[in-house]
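For our numbering, add 35 to where a residue sits in the sequence shown, where the first one is 1. Note that beta-carbon positions come from the ideal geometry of N, C-alpha and C, so glycine has one too. For reference, the structure is listed below as structure tokens.
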Amino acid sequence: MNKAKVGVVCLARTTFDYKAAGEIYQRTISDLRKINSVDWAIVEPLVISAQEAEAAALRLARETIDAVVIISGTFHLGHLALTIDKHVQRPILLWAFSELPYNGGKIRLNSVCGVNLNASNLYKAGRENFHCIIGDRIDLQWLDAVRMKAAVNGARVGLAGYRADGFFNLSVADSALFAKTGILVDHYELSSLIAAADRPSITEKEVTGAFNCVGLTAQQVSKTADLANAMEQFINSNELDALAVRCWPEFADMYGTSPCAAMSLLSAKGYTIGCEGDVEGTVSMLACNVISQLPAFLADLSQINFDEDCALMWHCGVAAPTLWDGASEKTLDSYFAAGRGVTAGFVMQSGTVTVMRIDSARGKTRLFVQKGEAIPMKKELTGTYCKVKFERPMRELFDTITQNGIAHHVALIYGDHVETVRHFAKMMEFELIQ
Numbered sequence: 036m037n038k039a040k041v042g043v044v045c046l047a048r049t050t051f052d053y054k055a056a057g058e059i060y061q062r063t064i065s066d067l068r069k070i071n072s073v074d075w076a077i078v079e080p081l082v083i084s085a086q087e088a089e090a091a092a093l094r095l096a097r098e099t100i101d102a103v104v105i106i107s108g109t110f111h112l113g114h115l116a117l118t119i120d121k122h123v124q125r126p127i128l129l130w131a132f133s134e135l136p137y138n139g140g141k142i143r144l145n146s147v148c149g150v151n152l153n154a155s156n157l158y159k160a161g162r163e164n165f166h167c168i169i170g171d172r173i174d175l176q177w178l179d180a181v182r183m184k185a186a187v188n189g190a191r192v193g194l195a196g197y198r199a200d201g202f203f204n205l206s207v208a209d210s211a212l213f214a215k216t217g218i219l220v221d222h223y224e225l226s227s228l229i230a231a232a233d234r235p236s237i238t239e240k241e242v243t244g245a246f247n248c249v250g251l252t253a254q255q256v257s258k259t260a261d262l263a264n265a266m267e268q269f270i271n272s273n274e275l276d277a278l279a280v281r282c283w284p285e286f287a288d289m290y291g292t293s294p295c296a297a298m299s300l301l302s303a304k305g306y307t308i309g310c311e312g313d314v315e316g317t318v319s320m321l322a323c324n325v326i327s328q329l330p331a332f333l334a335d336l337s338q339i340n341f342d343e344d345c346a347l348m349w350h351c352g353v354a355a356p357t358l359w360d361g362a363s364e365k366t367l368d369s370y371f372a373a374g375r376g377v378t379a380g381f382v383m384q385s386g387t388v389t390v391m392r393i394d395s396a397r398g399k400t401r402l403f404v405q406k407g408e409a410i411p412m413k414k415e416l417t418g419t420y421c422k423v424k425f426e427r428p429m430r431e432l433f434d435t436i437t438q439n440g441i442a443h444h445v446a447l448i449y450g451d452h453v454e455t456v457r458h459f460a461k462m463m464e465f466e467l468i469q
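Take a look at the structure:
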């Protein structure tokens, strides 16, 4: 599980019911510690004075947190949140407790006004990386976005080979990617990736157990298992969080089969591997894999049916077998690269999906996101795919994609994660395109 480290501090003022706020805060701390996907750095005493805010901020800065939750237990001085931001410089959740019943005609907490004060101060100081909530529970979608950011920032991403031939729109400027994400791309030759593994963990039996392989030769099954092992060992030995692979045109000539089926098997084991040397597509998958229970699928927008208002999200056979719809035949096929393709083939499951892509163009990094519904379909194609009906009409969505120059790969995950992705885009200072 990808964890983030989040700081928590509660601000107050003695002219309000700070004792009641302290009791609510202690219950809140207990609830937060039940969330296992986050490591917490909690300042337990209420922060009331500017000096206490300074001490809390310095402590949180030493903890190297990924984000900070600033709770307005009551209304408070404006110095406090600004002091924390000055030292921490991380995404902020401004949280107001629900107001308590009045006592003697007085507002007891005035917590919402405290959040309003902090938001106004931060905005006028040039800060926009904050989100505001009111209530008794933390925003779990915001927390998931923090986890996405923590997974991406400084991740170790490898590129084996280069982008696929002619796919200029998948190119990435290493220095620009580092400036926006902290990622330094490590470049490797394809020959290093193909080198034989000496500690195999994926067997031919596992390959034939996951797929119907009647269309393959015994050698193709063996080479698929060997390649999956080699790729797994390569990722682990180089301590990579994600890997993009130039999977054609020369891969099949060098190795004898394409890597698609091996990538499919490794995706099911939790590895993030992107095809066609698409670094930003692979980083998109890495971010998505943090919040999805099923592996991300790097898909092409391959076909649009305007009459049915839906799209075919397809790729040549890299989806994890765990995405199978349970009804279609799940095969390995060798339909391209002169019969050396060895790609997964099945219809993917139905259900709510979110597609997103981190995509750079014209000096900006953008994030495209859209929600849809994968609907049942028959297996009529090779490759892995699903038919999706998006929330927006396909004509409008197609215009948005093409007029903004969004690359032709998107990361597809199951579930409604749009709000989380929006938070993530804001935290990363990516331009949001919907």
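Where residue 343 sits in the DSSP three-state scheme
Within the sequence shown, residue 343 is the residue found at index 308, counting from 1. Looking at residue 343 - three-state DSSP - the assignment turns out to be coil, as it is neither helix nor strand.
Residues bridged to residue 425 [DSSP beta-bridge criterion]:
Here the question's residue 425 lines up with position 390 in the sequence shown. Answer by DSSP bridge pairing, in chain order: 407.
Excluding sequence positions up to five away, which residues of its chain have a Cβ less than 8 Å from the Cβ of residue 56?
As a first step, residue 56 must be located in the sequence shown, where it is residue number 21. Same-chain partners within the cutoff: 45, 47, 81, 108, 109, 132, 144, 146.
Please go through the same chain and pick out, in chain order, the residues whose beta-carbon is closer than 8 Å to the beta-carbon of residue 414, but skip the five residues on each side of it.
Counted from its first residue, the sequence shown places residue 414 at position 379. The answer, listed in chain order, is 363, 364, 380, 381, 382.
Between the region 428 to 437 and the region 184 to 195, can you find at least three pairs of beta-carbon atoms closer than 8 Å?
no
Got a sec? Which residues, its chain only, sit under 7 Å from residue 118 by beta carbon, not counting five neighbours each side?
Within the sequence shown, the letter at position 83 stands for residue 118. For residue 118, where only same-chain residues beyond five positions count, the Cβ hits under 7 Å are 85, 88, 89, 92.
Where the alpha helix (DSSP H) containing residue 323 begins and where it ends
Along the sequence shown, one-based indexing puts residue 323 at 288. Note, residue 323: alpha helix (DSSP H), 314 to 326.
Measuring CB to CB, does residue 223 end up less than 8 Å from residue 267?
To locate residue 223, count along the sequence shown from 1; it is residue 188. To locate residue 267, count along the sequence shown from 1; it is residue 232. No, they are not a contact pair.
Let me confirm a value: residue 244 is counted as buried when at least 16 other C-beta atoms fall within 10 Å, else exposed. Which label applies?
If you number the sequence shown from 1, residue 244 lands on position 209. Flag for residue 244 reads exposed.
Smallest Cα separation from residue 402: which of 455, 447, 374, 466?
As a working mapping, residue 402 is identified with position 367 in the sequence shown. Closest by alpha carbon: 466.
Could you name the residues of the same chain whose beta carbon sits closer than 7 Å to that of residue 297, not counting the 5 residues immediately before and after it, in chain order?
Counting from one through the sequence shown, the residue named residue 297 turns up at place 262. Only 259, 262, 263, 266 meet the Cβ criterion.
Environment of residue 428 [buried if 16+ CB atoms lie within 10 Å]:
As a position in the sequence shown, residue 428 is number 393, starting the count at 1. It is exposed - the Cβ of residue 428 has fewer than 16 other Cβ atoms within 10 Å.
Report the option in 315, 370, 426 whose CA atom is closest to the CA atom of residue 333.
One-based indexing of the sequence shown puts residue 333 at position 298. Ranking the options by Cα distance to residue 333, first place goes to 315.
Assign residue 71 to buried or exposed, taking buried as 16 or more other Cβ atoms, counted over all protein chains shown, within 10 Å of its Cβ.
Within the sequence shown, residue 71 is the residue found at index 36, counting from 1. Exposed, since its Cβ has fewer than 16 Cβ neighbours within 10 Å.
If contact is defined by three or more beta carbon pairs under 8 Å, each pair taking one atom from either stretch, is the region 159 to 174 in contact with the region 194 to 214?
no
Helix, strand or coil at residue 391 according to DSSP, with G and I counted as helix:
In the sequence shown, the residue the question calls residue 391 occupies position 356. Strand at residue 391.
Just the C-alpha distance for residue 469 and residue 242, rounded to the nearest angstrom, thanks.
Translated into the one-based positions of the sequence shown, residue 469 becomes position 434. Translated into the one-based positions of the sequence shown, residue 242 becomes position 207. Going from the Cα of residue 469 to the Cα of residue 242 covers about 39 Å.
Can you tell me whether residue 42 is helix, strand or coil according to DSSP?
To locate residue 42, count along the sequence shown from 1; it is residue 7. It is a strand residue.
Counting along the chain, where does the beta strand (DSSP E) carrying residue 449 start and finish?
As a position in the sequence shown, residue 449 is number 414, starting the count at 1. Segment 444 to 449, the beta strand (DSSP E) holding residue 449.
Look up residue 240 in the DSSP assignment and say whether it is helix, strand or coil.
Position 205 of the sequence shown, counted from the first residue, corresponds to residue 240. Here residue 240 sits in helix by DSSP.
Kindly provide the ranges of any alpha helix (DSSP H) runs that are 4 or more residues long and lie completely inside the region 49 to 124, ordered along the chain.
53 to 67, 85 to 97, 114 to 123
Rounded to whole angstroms, what's the CA-CA distance from residue 205 to residue 137? Just pull it up for me.
Residue numbering aside, residue 205 sits at position 170 when the sequence shown is read from its first letter. Residue numbering aside, residue 137 sits at position 102 when the sequence shown is read from its first letter. Rounded to the nearest angstrom, the two C-alpha atoms are 59 Å apart.
Can you have a look at residue 249 and say buried or exposed, based on whether 16 or more other CB atoms are within 10 angstroms of its CB?
For the purposes of this step, residue 249 is identified with residue 214 of the sequence shown, where counting begins at 1. Looking at its Cβ environment, which holds fewer than 16 other Cβ atoms inside 10 Å, residue 249 is exposed.
Hey, quick one: how far does the beta strand (DSSP E) through residue 455 stretch, first residue to last?
On the sequence shown, position 420 is the one that residue 455 refers to. It is not in any beta strand (DSSP E) - residue 455 instead sits in the alpha helix (DSSP H) that spans 453 to 463.
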